[in-house]
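Residue numbers (full-length UniProt numbering), protein chains in the order written: chain H, 1 to 508; chain E, 1 to 508. Beta carbons are placed, not taken as given, at the ideal position from N, Cα and C, and that holds for glycine. If you're wondering where the values come from, they're calculated on a predicted model, not measured in any experiment. In what follows, a single structure is set out as structure tokens and then discussed.
This is the structure:
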């Protein structure tokens, strides 16, 4: 498939008149072929009008039709073949194996939502039987179903050019719910976005769905995305990215004439708590495993374990020695974009230069586009005194907080902002100590893990990839797993409606 | 039970140092016995600290204990006896039958949530079986449950001094979810509030629950309620009242360091669409029924049918004649407060004096504290040209929009703001016409009714008492019916957690 750099607006593809975007080779920093055309306000208007026009028919598609559509998107993505992987490798600097795996995850996610649509549980059907004889007033016939909210604006992430981007989790769950989608393509991987966007556009045509079911816009800065969120036909927003970006969209959404929900997955440092017995028995092993999780994908995961909490002792020293040794030998890794690399280096420099922070280890030096792992240590007192030590450093940087005792450990947790995950490393003898902390951790994060790290997010019914603000904008939801579909639905009740007029799902 | 006018803060009752509040006899305007003491910021602080201290234990109470607590509240309310009805009659001006019915509804609601808690479905338990052999990575053991959000601030409504107030739907569903509640008592019925508040406080003690599970504060103006919503220990808000009040709380909640959800039920004019055949066949009968619904409870219902949409013709004339005749004979009714009565009279005067609005009928004149019903008519063109004709007039005022044709009727619906309910009156011959409008109505309102009016809101599983903004702050939710519990919950996922540490509900 040849890239054209065009906007995908409903069934059409055309060059936009906004500022141009270029994809860059993440490793070399060189511009990649194809100049992508930016959208203008007129393109937002057209895409939103088409999405709204499509909404009425699309939200009432038969479940089988909608499921087949999701499966067709999955197949069309596979049909792109290796050119998708190659372009994504160039644009993201991520290795082949990772991107092939991510493609599998993307396709699997679409198929999982197809199954979810077929099963139909997301409609949450409820029936209250009438009782015409009830006194003092007859009981009405009430039936309830969920309906789709309306067109959804999706902002993909840089760090998952497939699984959290054009046809990623937000798009899959919104389409599954019956919502048309307008994607604002991430400027870090425009070529990957066009390839996947065309696969979705083709699926819309393959399945005979209304053209406005899907559109995709490029944008050289933030204006187009902001216009999208402000458009009255957009009824919800899915976003994965920075806290600044997410909160900016939350503000626009809250100030609309009719406010809309924003599901923004933003920042998280994912605390890992090492308990005494586990540390004493296998501190070194945990340290080595931690180094592996910290550096996975150059540390560019929302669930990257950025913070280690442990009580002072020889177990912690063994953990640090092993983690430091492993990290010191780690080659630097190409980061997603030069901007992310610069921000990472700045974050590492900030920690290195912090009066209260000690640098424990650094990975091997690399090229200018690469990030080397870094491990730091501070005290609980310093962490409590310096709020900026909670700021996420996106990349393979970890901060160990050496606590004097359990009370300090608890104080650190009390001071911590909302998180996506919290992990504990425990042996059986740690159970009692862990039990006292679990209620705190439940209020802190969306997912609690035992003897593992948050990286590797299962796409399944019991997954929560979400958490209290500011990890996400709405801790009542998840952006991964089948529960994600409920973000794009609302209940409607039908009272005493004749069978002839009821939605099919409610006829019985 | 003797009223003391004290604040209820956890297990204690004491006079507040804030400005005093007095209850008034709605019919006579005379001050009722007991001066109620207003809270100060220190009282908010103490109630919030107690609620937070209670939260940890309360959210993990055994389901049976929590269900019994809700039932105990119900019984304690009944045990107050007739003094509750008498005080509520005086403070609200509502008749005995209505308030006895409302007490039944309040008690029934608490018992329904008790049953819901016992059934346990609200926990939304999910289990993903592990697969240690899976390649390339083992599949973890994942289990999910909903947990309570945290302490909830509840703002009761003036128009349901029992069912939407201190122990009303918001309180019942928040307590059912495992959230402590702090009620800001409505100043229109402080005596009723104290009686019910003491019944809840006693139930907390009866059931041996943590004292901070429930508190109730009086406030002479809005400052205390606003401080409550801004307090970092409050994690959600339930509100029933005006659009100005609701949006003010939404703004405070959105601007907190950690934003929280506000479930505000605000304004709605509840359009009623009369279709041609139904009008032709039984216009007069519908008109008479409409007059009954419009004037029920002096029209002081969120679901009061304030807007009638119909196509010009003799059926509509028959409807108007019958409705006008019925309304003209209706005695004026005491309104809830002098403020509400004044606002109603101002709204009626605004419509009477509107150049594009014709006054069709008025009810009988009454005392200064009473509202008389009023029926108005305008054209679709005028409605579309004057946005203020959508403003809710809280009370028994109805506006008929005479449409030239179906296109005008559709244009009016397109211009309409989000609503709690939309009703259609149809005969079988109207089905095709109704079918074309239903998708529009689904996007407009939370509940669609056929051949009825929105007044009379069933408390049941399939009820939606909610709807798109500005009917409520969050159209994804309902404030009546068992679904209301989900407003106060969020999912947490547990990965590879040993049985010994799992929450009991997830052990299996």
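With contacts defined as CB atoms closer than 8 Å, residue 254 of chain E and residue 254 of chain H qualify as a contacting pair.
With respect to residue 1 of chain E, residue 198 of chain E sits close: the two C-beta atoms are nearer than 8 Å. Taking 7 Å as the Cβ-Cβ cut-off, the region 435-467 of chain E approaches chain H at 435, 438, 439, 442, 446, 447, 448, 449, 450, 451, 452, 456, 458, 460, 461, 462, 463 and 464, given in chain order. About 20 Å separates the beta carbon of residue 188 of chain H from that of residue 215 of chain H, a gap too long to meet the 8 Å contact definition. Contact between the region 268-279 of chain H and the region 423-430 of chain H is present: 3 or more CB-CB pairs across the two stretches fall below 8 Å. Not a single CB atom of chain E sits nearer than 8 Å to the CB of residue 132 of chain H. For residue 490 of chain E, the chain H residues whose Cβ falls inside 7 Å of its Cβ are 475 and 476, in order along the chain.
Assignment of residue 51 of chain H by DSSP, reduced to helix, strand and coil, places it in the helix class.
Fewer than three Cβ pairs drawn from the region 89-97 of chain H and the region 445-461 of chain H lie within less than 8 Å of each other, which leaves the two stretches out of contact.
Remark: C-beta atoms of residue 335 of chain E and residue 298 of chain E approach each other more closely than 8 Å. For the region 161-223 of chain H, the continuous alpha helix (DSSP H) assignments of 4+ residues that do not extend past its boundaries occur at 169-177 and 190-206, in sequence order. Residue 113 of chain H is a Cβ neighbour of residue 485 of chain H, given a cutoff of 8 Å. Annotation for residue 126 of chain E: 144 place their beta carbon closer than 6 Å to its own, counting only its chain and skipping 5 residues before and after. Residue 106 of chain E carries a helical assignment under DSSP once its states are collapsed to helix, strand and coil. Just so you know, the alpha carbons of residue 102 of chain H and residue 267 of chain H end up roughly 21 Å apart. The alpha-carbon separation between residue 220 of chain H and residue 190 of chain H amounts to approximately 11 Å. Close CB contacts of residue 57 of chain H within its chain, under the 7 Å cut and outside five residues either way in sequence, are with 210 (chain order). Cα atoms of residue 437 of chain H and residue 415 of chain H: separation of roughly 14 Å, rounded to the nearest angstrom. Taking a cut-off of 8 Å on C-beta distances, the region 305-313 of chain H touches the region 283-296 of chain H, as three or more cross pairs fall below it. In the three-state reduction of the DSSP assignment, residue 35 of chain H falls in the strand class. The bridge partners DSSP lists for residue 154 of chain E are E/183 and E/238. Within the region 306-367 of chain H, the complete alpha helix (DSSP H) segments at least 4 residues long are 314-328 and 338-352, listed from N- to C-terminus. With contacts defined as CB atoms closer than 8 Å, residue 506 of chain H and residue 494 of chain H qualify as a contacting pair.
At least 8 Å separates the CB of residue 409 of chain H from every CB of chain E.
Residue 495 of chain H sits in a strand when the DSSP states are folded into three classes. Scanning E/417, E/496 and E/169 for the CA closest to the CA of residue 391 of chain E turns up E/417.
Just measuring C-alpha positions, the residue of E/460, E/80 and E/264 sitting nearest residue 131 of chain H is E/460. Ranked by Cα distance from residue 352 of chain H, the options H/413, H/508, H/33 and H/378 are led by H/378. Residue 422 of chain H is a Cβ neighbour of residue 448 of chain H, given a cutoff of 8 Å. One alpha carbon belongs to residue 34 of chain E, the other to residue 28 of chain E, and they sit about 17 Å apart. Nearest Cα to residue 64 of chain E within the set E/178, E/319 and E/394: E/178.
Secondary structure of residue 389 of chain E (DSSP, three-state): helix. For residue 473 of chain H, there is no enclosing beta strand (DSSP E), as DSSP marks it with neither H nor E. Approximately 5 Å separates the beta-carbon atoms of residue 36 of chain H and residue 218 of chain H; this is inside 8 Å, confirming the contact. Judged by DSSP secondary structure, residue 92 of chain H falls within the alpha helix (DSSP H) whose first and last residues are 82-92.
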